[in-house]
Structures are given as structure tokens and as C-alpha cells.
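Step one of this worksheet: look at the structure below.
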Amino acid sequence: MSETIIKAENISKLYKLGVAGSGSLYQSLGMGLKSLLKGRTNSASQKDFWALKDINFEIKEGEVVGIVGRNGAGKSTLLKVMSRITKPSTGKIELMGRIASLLEVGTGFHPELTGRENIFLNGSILGMSRVEIRQKFDEIVDFSGIAEFLDTPVKRYSSGMYVRLAFAVAAHLESEILVIDEVLAVGDMEFQKKCLGKMNNVAKSGRTVLFVSHNMGAVKTLCNKGFYLKNGTILMQGHIDDVVDLYLEQSRVSEKIYESGAVSKILTYQDGANIILELDYNCEQELKLPNLGFVLNDRDGNPIMGLNPMMQPNLTEKKGLYPKKGKVRLNISSPKLLDGVYTFSIWFGDKSGNFFWENDCVSIEIIAMTDIIQMYRPAQVGYVVPDCNFEFS
């Protein structure tokens, strides 16, 4: 029976939003200086945010664990706690082995040192002897594919080169635990395939792997166990197929309830290749035309598409008034969006005026809406996969 290699007991992580000391040193100093110049403290704007809440689990030697969840669920925070990058606010975590982490571009590398020097630095941090690092050195360089730039300071590397070298070091040095975050999405398609193959080999060798990704196909292929994180808690842990199935099922629905006002509920979900948006309204007077307008935004708030019924050329307005209470349903047919999280800004009203407007009020996570595999995302530009035909002659 395999021994426990990672054990977490009541792990929680609290951040105080808007307070000096809750972010990086640079951010904290900047916030403190602003408060000083304004002659006041920012205590009134303090807000507690629990990135993790009462996390408990055990991971055995040789297990390959996929961690899934929406953006902001706490996945990266959990990996940082496990990697000793940040301390938990409560609880403790025990590691019975050396851990190699690839969490974000640049982690563990010194920008002024060359690629060659950083290989030895990173290995030393992991507790490897110089002899051990030399034994793996040629293999690391060959895998990374950046031999030509090995004696160049890594601050001059592109993000792709950074990831190539960082992954090569993390995967080839003999740590007992390998932790990989979504950082692989930075690499090109060929290198991603190479990384997935290497992780598969690492897993088969009996080492423990923790893998965070939105590529559910890769997660199911590589992992035998899974954690589903939601709002900082582990909603489910168990066999990877069961965990991914629950995550996919819940990710397709987003709902917001309003206690007062003209709008009582907004619901979005993915139905096959379509996005459905439903709005329940309850107005004080009968409506001339329930007019639901939307703007779909990417995760950075940039608008991708938008429409309202008045722009729909084939809309036929019925004669008379609409009821005070009812439902408006919008079906966005085959938008062909790439996988990711999107938000809806919603406007509701009629010809007499506006009753409701809210930015980013509901979100939707698109998963496998198109036949484009998430692995190929770096080759795409933008968020929509257009209908195109390429002809060669």
C-alpha cells in the first residue's frame, strides 16, 4: 500500500483586499504611500477574501491528481501553499518528499542569470547535488530546445522559452512531487504535446504529480484522482472521471437572483453548441416590448459581441402590451467560442425606458463548444472560431 506523501489539514488562506500587506511588497508599499499622502488609512475599505477554506486531503505516492475549477476557485493558491511559496492562514500541510513546481512564468528563476546557471540554481533549490544536476543537464537542455540561448540571461527569453526551460528543469530533476499549473498554455502546440508526454512518463515512473488545467481531455488522460475546487473549498474529491463530470455539469450554469427591482433572476447555461440566457422580470406596468440587450465580454472585460431585439431584422412585434411579469429567453446559436470564461453585461427595458442595467452580472464557462481541442488554443487569435474554407491549388 502506498504511503501518504502530501497531507493537508484544515488549510485556509485569507487575503485582506485593499489592505497593505495582502499582496506583493511593491503593491503594499504603493498602497501605504497613497494612504499616507491622503492623510488617512484604508481600514474602512478592508474586505476579507478567503481564497481557501478548510481544505483537507491526503495524496499517496504515485498518484496523479488533477485539480479542476473555474478561475478564482483557489487552484493556484492551493498549489502555492503546497509549494511553500505562501503560508496558509490556518492549518498545516505536510510534504514527505522534494517538490518541483511550475506555477507561473519565471517562478524559481533569476532573471540576471543565464539559462545554464538557472538550471543549477533551480536544482540546488530542490536539494539536488551538483553531480545529480550534471547527470540530467544534457537531457534538460535537449528537451527544452533552447541550447542556442543557454548562455543568455533569461530576462531576454520570450515567455515561451522561459516555460520550455522551466518545465524541462522541473520535470527532469528527481523530485518526488511534480506540480504543474496552467502555465503550459504559454507554450506552442508541439511543446505542449511534448510536455503532456513527459508528464505521463513521470506519472508512470511512480512519482506524484499535481496538474491544474482547463484541458479536461488532458486531465482525464493523465490523472487517476481529482479535486474539484469551488469558491475556495473542495466540492468533490475522488476518481478523476467523476470529478470532471461534476465540474462540467456545474460549469454550464450561472444564476443570479435579485430581491427587488424589475429583474428577479438571470440565468445562463450552455446547451450543446448554443448559449442560453434567460431573464425573469416583474415590472409595475405592462410593457410595450420586453427588450433584452447583452454584451458578451472576455475575462479582461473586452466586448466580443452584443445584440438587442431592435437589431434583429426578422423580429415581429406583437400588437398590444406584454404582461407585467414574464420571461425573456435568448438563444445564441453556435457562437463557436473558444474554451474559457466569459461574462454578460445585461440591459433590460422597453420603448418607454430602461429598467435594468448591470455590467458582468452573470458568467459562463465555455467547455468544448467547438471541435478545436484546447491544446491548440495558442495557435488561435481572438475568441471566436470562424467558419473558413482553405483551398490549395
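Numbering (this note's numbering) for the sequence shown: 98 to 490.
Backbone N, C-alpha and C fix where the C-beta goes; we use that ideal spot for every residue, glycine too.
Work out the CA separation of residue j and residue i for me, nearest whole Å.
i      : j      : result
Val276 : Leu114 : 27 Å
Val438 : Arg167 : 8 Å
Pro406 : Phe489 : 41 Å
Phe234 : Ser442 : 51 Å
Leu262 : Gln289 : 13 Å
Arg195 : Ser272 : 5 Å
Asn321 : Val392 : 39 Å
Ser198 : Met333 : 24 Å
Lys295 : Ala268 : 7 Å
Asp397 : Arg227 : 44 Å
Glu352 : Ala359 : 16 Å
Met472 : Asn312 : Residue placement at Met472 is flagged as unreliable, the pLDDT there being 47, under the threshold of 50; a coordinate-derived value is accordingly withheld.
Arg213 : Phe264 : 14 Å
Lys104 : Met408 : 56 Å
Val459 : Lys144 : 22 Å
Phe146 : Tyr112 : 5 Å
Met258 : Arg426 : 47 Å
Leu435 : Asp457 : 19 Å
Glu455 : Trp444 : 7 Å
Met225 : Ser256 : 26 Å
Asp338 : Val350 : 20 Å
Gly403 : Arg181 : 44 Å
Asn428 : Gly390 : 12 Å
Tyr254 : Glu229 : 26 Å
If I'm right that residue i touches residue j with Cβ under 8 Å, what's the distance once you round it to whole angstroms?
i      : j      : result
Ile463 : Thr365 : Not quite, the Cβ-Cβ distance comes to about 11 Å (not below 8 Å), so this is no contact.
Gly163 : Val316 : 4 Å
Tyr355 : Leu384 : Wrong, their Cβ atoms sit about 17 Å apart, outside the cutoff.
Ser99  : Gly169 : Not confirmed; about 32 Å, so no contact.
Lys150 : Gly329 : 5 Å
Phe154 : Ile274 : With 8 Å as the limit, Phe154 and Ile274 do not qualify as a contact, their Cβ atoms being about 14 Å apart.
Lys424 : Leu376 : 7 Å
Asn107 : Gly188 : 4 Å
Leu210 : Pro250 : 7 Å
Leu223 : Leu270 : 6 Å
CB-CB under 8 Å to residue i, same chain, minus the five flanking residues each way: which ones, in chain order?
i      : result
Ser430 : Ala370 and Asn371
Ala244 : Val238
Asn297 : Thr318 and Leu319
Thr183 : Lys110, Thr174 and Lys177
Lys448 : Lys385, Leu386 and Asn388
Arg231 : none
Pro208 : Pro250, Val251 and Lys252
Glu287 : none
Tell me whether residue i is buried or exposed, calling it buried when 16 or more other Cβ atoms sit within 10 Å of its Cβ.
i      : result
Cys485 : exposed
His336 : exposed
Pro185 : buried
Pro432 : buried
Met179 : buried
Ile102 : buried
Gly220 : buried
Arg304 : buried
Gly479 : exposed
Gln382 : exposed
Phe240 : buried
Ser310 : buried
Phe487 : exposed
Asp278 : buried
Val165 : buried
Asn215 : buried
Ser357 : exposed
What residue range does the alpha helix (DSSP H) around residue i cover?
i      : result
Gly423 : It is not in any alpha helix (DSSP H) - Gly423 instead sits in the beta strand (DSSP E) that spans Lys422 to Ile429.
Asp338 : Ile337 to Ser348
Lys317 : Met313 to Leu319
Glu229 : Arg227 to Ser241
Glu214 : Gly212 to Ile222
Thr187 : Where Thr187 is concerned, there is no enclosing alpha helix (DSSP H), although the beta strand (DSSP E) it sits in stretches over Thr187 to Leu192.
Met179 : Lys172 to Met179
Val260 : Ser256 to His269
Who are the near neighbours of residue i in its chain, counting only those whose CB is closer than 6 Å to its CB and skipping five residues on each side?
i      : result
Gly446 : Asn388 and Phe452
Asn379 : Ser361 and Lys422
Glu346 : none
Leu122 : For Leu122, the predicted structure reports a pLDDT of 49, less than 50, and the residue's modelled location is therefore unreliable. A value from the coordinates is still provided. So no residue of the chain qualifies.
Met193 : Ile102
Asn394 : Pro400 and Thr440
Val340 : Gly323, Tyr325 and Met333
Over the uninterrupted beta strand (DSSP E) stretch that includes residue i, give me the two end residues.
i      : result
Asn451 : Gly450 to Ile463
Thr365 : Val360 to Asp368
Glu155 : Lys144 to Lys157
Ala244 : Taken as a continuous stretch (DSSP letters only), Ala244 belongs to no beta strand (DSSP E), as it is neither H nor E.
Asn394 : Asn388 to Asn394
Tyr378 : Asn371 to Asn379
Could you name the residues of the same chain whose beta carbon sits closer than 7 Å to that of residue i, not counting the 5 residues immediately before and after it, in chain order?
i      : result
Leu343 : Tyr325 and Met333
Gly242 : Arg261
Ser348 : Arg167, Glu462 and Ile464
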